[in-house]
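Q: For reference, the structure I am asking about is given below.
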Amino acid sequence: MAMERTLSIIKPDAVHANLIGKIQAQIEEVGLSIVAMKMTRLSRQQAGDFYAVHKGKPFYESLIDFMTSGPVVVQVLEGDDAIKTYRKVMGATMFGQAEPGTIRANFATSDAHNAAHGSDSEENALIEINFFFPEKQIYHRSESIAE
Ligand code: ATP
Ligand code: MG
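Here is the structure:
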């Protein structure tokens, strides 16, 4: 399968609930590697740009309020079929519909407060990764001397 990268965000609800480590453990357990990561607090401008596709939807303003309500952990994940693999372990968007054992089944508390974000296509993964990380901040595992 193709080696891919995807962008993941651990959202403010999960950071506040001390779930960073548990979510990252689930990510690593499905074989994905975290190859870039930072904790940051999004500005309204950044959150608005990031979720621009949802502009005009009824939940847009509250989504921006939520995503700027506290720090997030933004990370690049890499591995076989990373976009689908991560969306699968993240679980369905709507509360109550995420498959048992997924990150959202374990940790979401509503449709809005759903613990994690994941890119939904190759095209968006590239846009979202570039939004947060210059290439030089991403770990190239193939160049590691630690093996
Ligand atoms: P994300 O983009 O955060 O990974 P997603 O791709 O599963 O989530 P989207 O349809 O892109 O879902 O919605 C973006 C986010 O907006 C959701 O994760 C959720 O936090 C919020 N959201 C989406 N639909 C609703 C809704 N009906 N009510 C409240 N919040 C919603
Ligand atoms: Mg989405």
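Residue numbering for the sequence shown follows our numbering, beginning at 299 and increasing consecutively.
Ideal Cβ positions, reconstructed from N, Cα and C, are used throughout, including at glycine.
If you measure between the beta carbons of residue 413 and residue 404, is that distance less than 9 Å?
A: A contact, by the Cβ cut-off of 9 Å.
Q: May I ask you to check if the CB of residue 379 is nearer than 8 Å to at least one heavy atom of the ligand HEM?
A: As presented, the structure is devoid of the ligand HEM, carrying the ligand ATP and the ligand MG as its sole ligands.
Q: In the DSSP assignment, the alpha helix (DSSP H) including residue 343 goes from what residue to what residue?
A: Residue 343 -> alpha helix (DSSP H) spans 342 to 348.
Q: Which residues mark the beginning and the end of the beta strand (DSSP E) in which residue 376 is found?
A: Note, residue 376: beta strand (DSSP E), 370 to 378.
Q: Counting only the same chain and skipping the five closest in sequence on each side, list residues whose C-beta sits under 6 Å from that of residue 318.
A: Cβ within range, chain order: 308 and 371.
Q: For residue 326, collect the residues of the same chain with a Cβ closer than 8 Å to its Cβ; drop the 5 residues on either side in sequence, then sort them by chain order.
A: If we look at residue 326 and ignore the five residues flanking it on each side, its Cβ neighbours are 332.
Q: If you compare alpha carbons, which of 400, 355 and 375 is closest to residue 305?
A: Selected option, being the one with the closest Cα: 375.
Q: From which residue to which residue does the alpha helix (DSSP H) around residue 313 run?
A: Segment 310 to 314, the alpha helix (DSSP H) holding residue 313.
Q: Can you check DSSP and say which residues form a bridge with residue 335?
A: The partner list for residue 335 (beta bridge, DSSP) reads 373.
Q: At a cut-off of 8 Å, would you count residue 361 as near the ligand ATP, judging by its Cβ distance to the nearest heavy atom?
A: Residue 361 Cβ: within cutoff of the ligand ATP.
Q: Give every residue of the same chain whose Cβ lies closer than 8 Å to the Cβ of residue 408, excluding the five residues on either side of it in the sequence, and list them in chain order.
A: Counting only Cβ-Cβ distances below 8 Å, and skipping sequence neighbours, we find 393.
Q: Taking the straight line between their C-alpha atoms, what separation do you get for residue 388 and residue 361?
A: Rounded to the nearest angstrom, the two C-alpha atoms are 18 Å apart.
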